[in-house]
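Protein chains in written order, with my numbering: chain A, 29 to 253; chain B, 29 to 253; chain C, 29 to 253; chain D, 29 to 253; chain E, 29 to 253; chain F, 29 to 253.
Note that the Cβ used here is the ideal one computed from N, Cα and C, for glycine as well.
Worksheet: the structure to be examined is printed underneath.
Protein chains: 6
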Amino acid sequence: MTERILVINPNSSVEVTAGIDRALDDLRSPGGAQIECLTLAEGPPGIESQRHVDSVVLPLCRLVEANDNRASAFVIACFSDPGLHALRETTQRPVLGIAESGLLTALTLGERVGIIAILATSIPRHGRFVRALGIESRLAGELPIGLGVSELADEEVTLGRMTEVGRRLRDKHGADVLVMGCAGMARYRARLEATLGLPVVDPTQAAVGMALTAARLGYRTAAQR
Amino acid sequence: MTERILVINPNSSVEVTAGIDRALDDLRSPGGAQIECLTLAEGPPGIESQRHVDSVVLPLCRLVEANDNRASAFVIACFSDPGLHALRETTQRPVLGIAESGLLTALTLGERVGIIAILATSIPRHGRFVRALGIESRLAGELPIGLGVSELADEEVTLGRMTEVGRRLRDKHGADVLVMGCAGMARYRARLEATLGLPVVDPTQAAVGMALTAARLGYRTAAQR
Amino acid sequence: MTERILVINPNSSVEVTAGIDRALDDLRSPGGAQIECLTLAEGPPGIESQRHVDSVVLPLCRLVEANDNRASAFVIACFSDPGLHALRETTQRPVLGIAESGLLTALTLGERVGIIAILATSIPRHGRFVRALGIESRLAGELPIGLGVSELADEEVTLGRMTEVGRRLRDKHGADVLVMGCAGMARYRARLEATLGLPVVDPTQAAVGMALTAARLGYRTAAQR
Amino acid sequence: MTERILVINPNSSVEVTAGIDRALDDLRSPGGAQIECLTLAEGPPGIESQRHVDSVVLPLCRLVEANDNRASAFVIACFSDPGLHALRETTQRPVLGIAESGLLTALTLGERVGIIAILATSIPRHGRFVRALGIESRLAGELPIGLGVSELADEEVTLGRMTEVGRRLRDKHGADVLVMGCAGMARYRARLEATLGLPVVDPTQAAVGMALTAARLGYRTAAQR
Amino acid sequence: MTERILVINPNSSVEVTAGIDRALDDLRSPGGAQIECLTLAEGPPGIESQRHVDSVVLPLCRLVEANDNRASAFVIACFSDPGLHALRETTQRPVLGIAESGLLTALTLGERVGIIAILATSIPRHGRFVRALGIESRLAGELPIGLGVSELADEEVTLGRMTEVGRRLRDKHGADVLVMGCAGMARYRARLEATLGLPVVDPTQAAVGMALTAARLGYRTAAQR
Amino acid sequence: MTERILVINPNSSVEVTAGIDRALDDLRSPGGAQIECLTLAEGPPGIESQRHVDSVVLPLCRLVEANDNRASAFVIACFSDPGLHALRETTQRPVLGIAESGLLTALTLGERVGIIAILATSIPRHGRFVRALGIESRLAGELPIGLGVSELADEEVTLGRMTEVGRRLRDKHGADVLVMGCAGMARYRARLEATLGLPVVDPTQAAVGMALTAARLGYRTAAQR
């Protein structure tokens, strides 16, 4: 039997979902697990506040329940990991969050992790997450690129800002591995790595990787006791 | 092209290597990556001290260099992760250690991690590792089963001790996820999970899972700058 | 002008709200701030899972918005602090959570804090909260009394269990101050203190105390930037 | 019966005491608790070293003992919290320190706390305090304004330096809430908040707020066992 | 020129000073530094509370000033390290505290440190000290022997209790090195080590050892800037 | 009987060993312990990578075994503390590493420790060491001087860079005590202290100081159980 990983974009933008989907081609192979991306219709256009994060949890739970029979594992493709622990109570399948997976993967690639955030206002929220995860001694810092949604569409501007922020994380904060704090930015990964000379983690790829293994091995989380 | 993951058992026991090899069948699939297990001929019969750990680093480096052209990623299959950081300097390929990967994977499955060690004398060594990894606030505790190599051959005795130790980690130390602190014990995983009602991580499986993703995505570690 | 503190019980039980209300009489005084307790009609009968916690955030946000003009500060009276950070984005008024306030208050009364939980399944959730709060080095431990909702009605049984659990936190875990991990248990405080010889914090009282000061001084949280 | 909070300025400057007294008007109300400020005659003109801190402990103990019958709670109005734990052994009444209370209050208002110190030489002393309190993962940084006592009299110069230091804590250190590391600076609070767009805590106000609640609820600290 | 280390017993008991003095014979040698023990006449008979700790700071400062010309370094021989940081401001000579030195020395001998305390009431005070020192992740636990001053005179009873408490620290708390949390107990060291099979640190010996080196190398502490 | 401390330079440069030897004259005295420096013939010319570190462990073990009868204690004179824990299993004598001893000694001299590294690539390796030691909350930062071996021969250039880096650690990172992250640089200590106004620790001197005490007192490490 073949596994099927369902990757859920909790914002309502199908363009974002399409970008996520393309980013996952590297993890697809003939005969391998299916990786399918869904858009949460009830989500906001972008998740930019704690209220946005909390607002998608119940719709996510319902979407997961509706797809529970056809999925081997779920990935929540938003760097705030909305609903991560509620979903782990909701389904018997493994649920991976891209922030958790991206940060844990970065720990295997470098000593001190820098996070490239989109918005400055997300950083305190991520701070709570990093401390709850218990890895704050490995965090070098987090800096925002400070672009609005419309500007993100301009790939050159976005890459320029990510490079600049990545360089500051490397040179001022001592980061030797970077995590892109947003879903669906895998297209920048190779160029950032080449320019900065550091490993760069696309968190959605990292989470799908962990989901493939979890699905295959039949992990059940503690919340399902 | 198909990936090939080389899993190296740093002790010289081919029986242990065979056990590791069987434990990885769950991660093999037709058309998927090859997972090949090697024995370090120069290793001691078992790795039971810091000196044993340090003694295998150079032979591991040479083995990795000799196999660098035919591997996509390497896994070091000993729960002391011998040579992990030296190897990351030695090859451009991803190198995963089973302690690091097993513990990080456990963080996605529960809140507080219990480690089932073989020997009491390994626990201080693992303690240094857990603190260097930076996740000590997530550790519930580590307890030994206290069996010598010959006793480990008796599967029933071993499972009994693991169950007893796992129960103590759960009930006295508050662990809600367990990691087996040894390579090649995957055969006990399902039974421990069923008896204890907790997720149990076989660290070699966890590391091979991370290696599959790392190989596929072409991760390079920071040490290779 | 007189302040008005709105204390919201996020579960739908009006009995629980009444208990909370009585617990706050000690903080009422003629000419002082009004302390008014509300029940969240949309809440579950009890908040016993992460999904319950997340499910009440949007209704809480709406209730806070509807009452924003008539309140000086808000208190969320559930030991999981549901919606704490979303609410701080929602209103300009101070918002206090009883877990956060109860634990911080305990730090002024003792060296190592023990938490008396109702249910074992809440403990991992509280663990994430304590780490996010950043005070895990001050936590002695958390233990459940393990009573269902119906048994909680029996005051003698409940007090007996709380005493037993508090004694274990004191004698085995080294706690020298206790926090009751539930709203509306202030009626047990004096008896627990007398029996155990330790300070005991009712978290709702602690949060209302902090809300009174915050309202008076006009604090605005950082999330409102 | 009405509570009486005794706020003790442990330096001998009655001007400083008068400034503290004015800062507390916001917490006074008709029919509410009395808030009375005392000067420690035996104190040095200013507390600027660890030796100063330690030198006032016994006089503070005697002053507290002499006023024990007429007080409901005590506040020590110096950001080094001199004698905090000795005083908690000395009286049955609640004793609050302004550093402890100010920092804990800041944790409810922002994610990362910046401290505005007067003197550079106080920073190591505060560092020991913050680690003993156990909240160092929430500290963004501490910077001095570097003004001597005579220059502090010039309100404009002082506010200018505090603004400059606060801006650096916000922009370079990532602070999103500030604590003024000195007693009796409440008069700068509103202006700092307006200029910097961050919540600012006057620690004496915070401590008196916690003392009002502690007095009302009859808290006893663990040291009184 | 020969160094002279002044070891100050901050309690007024000359018997205790004599015991400390004998414990230091192992560090004396012909031609080596002089090690001289003084009793603080103004100290209480024993230091058993935070108030006791704080009460001796000024007398200690005066004693150090009076002896500054004839000393190469000072050791404060009480496991609460009274006045440690005030003294470092007071003299240009190195000042070592026995708690600080004993705990740091233990970190070179084992992985997890157990502290054998005299009184239960000292443990919270030591807890603040350990956190301020920043090594709490290396602490296995601290347990009291619970003997009053008169019972301490009975060497057999004392050794029995220390053995029992040391065994519990080893077997239940996972300590692999012990520190005796009191001055002048060096006479029990060898017997505890033999019985328990663990290294045991006498903190006064450890501090005098560090003082000898500090005096020889001419260290100046940061507080003397 | 007189102690003999064997100080082993794990790189093969006899010039480095000679420099170390000179640095230890301050700790020699007539009638005192002998301090003898050895060069590890099998070592690389300099230890600049994790693989170098790991490569010298077995030769170090053999050298220690060969000298066990004539030594009272051993010091490993490389700031990566190669083989520290393996050697503690190998000999009954005390073994001190210069990184461990230098950092612990710095904790007695200041509040926040800055490390002056030679090479940028050593910093992640030292980071793992500092976290394993458990003192990361006391670390202000680590910065490299970035000189190659040949440039290190130029004393003026080296001192200039160390001064510049030390100043940055002091002014930007808040260090109030510095550790020189390399063996045999004691000749710069006095000048750095004078220029920067901070205590500076030569780690080899610190380790030999601890070894003298450990030898005298007959410490045995926990690894020798």
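Rounded to whole angstroms, what's the CA-CA distance from residue i to residue j? Just pull it up for me.
i, j, result
"alanine 234 (chain E)", "valine 84 (chain A)", "58 Å"
"alanine 218 (chain F)", "isoleucine 126 (chain E)", "27 Å"
"aspartate 82 (chain A)", "cysteine 106 (chain A)", "12 Å"
"glycine 209 (chain A)", "isoleucine 143 (chain A)", "6 Å"
"glycine 246 (chain C)", "threonine 30 (chain C)", "13 Å"
"alanine 181 (chain C)", "glutamate 139 (chain D)", "38 Å"
"aspartate 230 (chain A)", "alanine 134 (chain A)", "10 Å"
"leucine 137 (chain F)", "proline 122 (chain E)", "8 Å"
"valine 193 (chain B)", "isoleucine 173 (chain B)", "6 Å"
"arginine 156 (chain A)", "arginine 196 (chain D)", "22 Å"
"glycine 47 (chain F)", "alanine 211 (chain F)", "9 Å"
"alanine 69 (chain F)", "leucine 224 (chain E)", "39 Å"
"histidine 80 (chain A)", "serine 41 (chain A)", "14 Å"
Considering residue i, what are the terminal residues of the beta strand (DSSP E) in which it resides?
i, result
"alanine 99 (chain E)", "No beta strand (DSSP E) holds alanine 99 (chain E); DSSP gives it neither H nor E."
"proline 172 (chain F)", "167-172"
"arginine 248 (chain B)", "Run containing arginine 248 (chain B): none; DSSP gives neither H nor E here."
"valine 84 (chain B)", "Note, valine 84 (chain B): premise wrong, no beta strand (DSSP E); not H, not E."
"arginine 219 (chain A)", "Premise fails: arginine 219 (chain A) lies in the alpha helix (DSSP H), 217-224, not in any beta strand (DSSP E)."
If you follow the alpha helix (DSSP H) that residue i is part of, which residue opens it and which one closes it?
i, result
"glutamate 164 (chain F)", "Run containing glutamate 164 (chain F): none; DSSP gives neither H nor E here."
"methionine 259 (chain F)", "Chain F is shown from 29 up to 253; residue 259 (chain F) falls before or after that span and cannot be answered."
"isoleucine 126 (chain F)", "126-135"
"glutamine 62 (chain F)", "Counting along the chain, glutamine 62 (chain F) falls outside any alpha helix (DSSP H), though it belongs to the beta strand (DSSP E) covering 62-67."
"alanine 211 (chain B)", "Taken as a continuous stretch (DSSP letters only), alanine 211 (chain B) belongs to no alpha helix (DSSP H), as it is neither H nor E."
"glycine 59 (chain D)", "Premise fails: glycine 59 (chain D) is in no alpha helix (DSSP H) and is neither H nor E."
"isoleucine 75 (chain B)", "Here isoleucine 75 (chain B) belongs to no alpha helix (DSSP H), and DSSP marks it neither H nor E."
"leucine 112 (chain B)", "112-118"
"alanine 145 (chain D)", "Note, alanine 145 (chain D): premise wrong, no alpha helix (DSSP H); beta strand (DSSP E) at 141-145."
"arginine 13 (chain E)", "Nothing can be reported for residue 13 (chain E), as the shown portion of chain E is limited to 29 through 253."
Beta-carbon within less than 7 Å of residue i's beta-carbon, same chain only, minus the 5 sequence neighbours each way: which residues are those?
i, result
"arginine 32 (chain A)", "Ala61, Gln62, Glu64, Arg98, Ala99 and Ser100"
"valine 236 (chain F)", "Ile33, Val35, Leu52, Leu55, Ile63 and Val103"
"methionine 213 (chain F)", "Asp230"
What residues of chain B sit near residue i, judged by a beta carbon separation below 9 Å?
i, result
"aspartate 96 (chain F)", "Result: empty, since nearest Cβ-Cβ is about 14 Å, beyond 9 Å."
What residues from chain D crowd round residue i, counting only those whose CB sits closer than 8 Å?
i, result
"glycine 155 (chain A)", "Glu139 and Arg140"
Taking residue i and residue j to be in contact with their CB atoms under 8 Å, please state how far apart those CB atoms are, rounded to whole angstroms.
i, j, result
"alanine 145 (chain E)", "histidine 154 (chain E)", "7 Å"
"valine 158 (chain E)", "valine 205 (chain E)", "Not really, about 14 Å apart at Cβ, beyond 8 Å."
"arginine 189 (chain E)", "leucine 167 (chain E)", "In fact, because the Cβ distance is near 21 Å, the residues do not count as touching under 8 Å."
"alanine 161 (chain B)", "leucine 124 (chain B)", "The question names alanine, but residue 161 (chain B) in the sequence shown is leucine. Going by Cβ atoms, the distance from leucine 161 (chain B) to leucine 124 (chain B) rounds to 13 Å, so no, they are not a contact pair."
Using a C-beta to C-beta distance shorter than 8 Å, which residues of chain B count as neighbours of residue i?
i, result
"proline 58 (chain C)", "Simply none; closest approach about 46 Å."
Give me, in chain order, the residues of the same chain whose beta-carbon lies closer than 8 Å to that of residue i; leave out the 5 immediate sequence neighbours on both sides.
i, result
"threonine 118 (chain C)", "Cys89, Val92 and Glu93"
"valine 185 (chain F)", "Leu175 and Glu179"
"glutamate 221 (chain E)", "Pro227 and Val228"
Determine the chain D residues that contact residue i at a beta-carbon separation under 7 Å, and present them in chain order.
i, result
"proline 152 (chain A)", "Glu139 and Asp204"
"glycine 162 (chain C)", "Ile163, Ser165 and Arg166"
Tell me which same chain residues have a C-beta within less than 6 Å of the C-beta of residue i, skipping the five on either side of it?
i, result
"threonine 45 (chain C)", "Asn37, Cys65 and Thr67"
Could you name the residues of chain E that residue i contacts, counting a contact when the two beta carbons are closer than 7 Å?
i, result
"proline 227 (chain F)", "Tyr247, Arg248, Thr249 and Ala250"
Check the Cβ of residue i against every Cβ in chain E and list those closer than 9 Å, keeping chain order.
i, result
"glutamate 128 (chain F)", "Leu135 and Thr136"
For residue i, go through chain C and note every residue whose CB falls closer than 7 Å to its CB, in chain order.
i, result
"arginine 159 (chain E)", "Ser165"
Residue i touches chain F at which residues, Cβ-Cβ below 9 Å?
i, result
"threonine 241 (chain E)", "Leu55, Thr133, Gln233, Ala234, Val236, Gly237, Met238, Leu240 and Thr241"
Residues of chain A with CB under 7 Å from residue i, in chain order?
i, result
"arginine 244 (chain B)", "Asp54 and Leu55"
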